[in-house]
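Have a look at the structure below, then the notes.
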Amino acid sequence: GQLFGEIRGRGVAAGGLERANARAAGRPGLVRAVLGCGLYPMVGEVRTVDGGQGSGRDAAKVNMTVRSGEKVRVHPRSVASKMDVVAKHEWEARPLLCFQELMRGEALLHVKECTRVPALAVVLVAGSLRVEVDEPEGLGETEPQQTPPSSTVVVDGWLRYRVPDELLPWLLCLRRRLKEAFARLVD
């Protein structure tokens, strides 16, 4: 229909939807990035996974914080409540889950349908970005620095990511270029 014609006209699905789908096969990260960009700011940052394995009261509970600061739990019947959403290393960013709707339960806010999205996608399309220069981490004035110099990027005043200083100019440049490309499409 009209939507497909517009998508094809923009060169997104030049060979048809089946061909575009085949090109993206095996790369779910791209689809998740697009979902994250499209649903932003409807994202939550995973804070904790409480509980253990199994079902019922002993099942793991995925808790996250949304932009408003409210605590939200992934509904226990959601597939996302069973997937591994914990950062494997302490230096990794907390996982983000995008969702379409918050539901108020008796005691908590819940999301049922959610998908893990890459933080980079959100950083690239978010409204505001603030850079805070981190103090170097060393053991003393005479000892060398333990970690590479980094800065903290604050996204829309609530998501915080530590970025190595050597990558920061590239990230900001990519964000600026993406914003300019979007502006050209709208004009």
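In this text, residue positions in the sequence shown follow our numbering: the first is 3, and each later residue adds one.
Note that the Cβ used here is the ideal one computed from N, Cα and C, for glycine as well.
| Asked | Found |
| --- | --- |
| Are the beta-carbon atoms belonging to L126 and L176 less than 9 Å from one another? | yes |
| State yes or no: is the beta carbon of E115 nearer than 9 Å to at least one beta carbon in chain C? | Reference to chain C is not applicable here, since this structure consists of a single protein chain. |
| Give every residue of the same chain whose Cβ lies closer than 6 Å to the Cβ of H112, excluding the five residues on either side of it in the sequence, and list them in chain order. | R75, H77, M105 |
| Evaluate the contact criterion for the stretch 155-169 versus the stretch 177-184: three or more CB pairs, one atom per stretch, below 8 Å. | no |
| Whole angstroms is fine: what's the gap from V36's alpha carbon to F184's? | 14 Å |
| Could you tell me if T117 is buried or exposed, where buried requires 16 or more neighbouring beta carbons within 10 angstroms of its beta carbon? | buried |
| Where does S80 sit, in a helix, a strand or coil, going by DSSP? | coil |
| Among residues of its own chain, excluding the 5 on either side of L110, which ones have a beta-carbon nearer than 8 Å to its beta-carbon? | K73, V74, R75 |
| Are the CB atoms of P120 and R49 nearer to each other than 9 Å? | no |
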